[in-house]
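Following: one structure in structure tokens, then a few remarks.
In the working numbering, the protein residues as written are 349 to 461.
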């Protein structure tokens, strides 16, 4: 989760720098170096799509009203596969508790296999 938050901040900085250059009439070099999200993804060592989906997951976790679910979802993002954490986005809200219970044992440890 921390990786995605840092990547979001890097993306904001990239976009602000492009805007500053545009205002000063400087070449933004977008054509030569790609879009901001692509540069952040390359720096982060991940793909553009992975970052965008990760941003959506982090946003959903931050908006989650159930603190227990948010904590476990964050743990899943950090300890499990990205796909496991991403797939939770498609679960209807009324089923999230049941999904969470299936992903964790009674001690609160993620079932990652």
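Glycine included, C-beta positions come from ideal geometry on N, C-alpha and C.
- Runs of the alpha helix (DSSP H) lying entirely within the segment 380-422 and spanning at least 4 residues, in chain order: 384-392, 396-411.
- In this chain, the alpha helix (DSSP H) harbouring residue 358 covers 350-371.
- Residue environment for residue 406: buried (at least 16 other C-beta atoms within 10 angstroms of its C-beta).
- Looking at the DSSP output, residue 434 sits in no beta bridge, so it has no partner there.
- Taking residue 437 as reference, the option from 372, 362, 390, 402 with the minimal CA-CA separation is 402.
- Judged by DSSP secondary structure, residue 447 falls within the alpha helix (DSSP H) whose first and last residues are 444-451.
- Counting only the Cα atoms, residue 442 lies some 31 Å from residue 354.
- Sixteen is the threshold: when 16 or more other Cβ atoms of the shown chains lie within 10 Å of the Cβ of residue 409, as they do, the residue is buried.
- Between residue 363 and residue 384 a beta carbon distance of about 5 Å is seen, short of the 8 Å cut, so the two are scored as contacting.
- Apart from the 5 residues on each side of it in sequence, residue 399 sits with its Cβ closer than 6 Å to the Cβ of 355, 389 in its chain, given in chain order.
- Just measuring C-alpha positions, the residue of 427, 413, 412 sitting nearest residue 351 is 427.
- Residue 411 counts as exposed, since fewer than 16 other beta carbons sit within 10 angstroms of its beta carbon.
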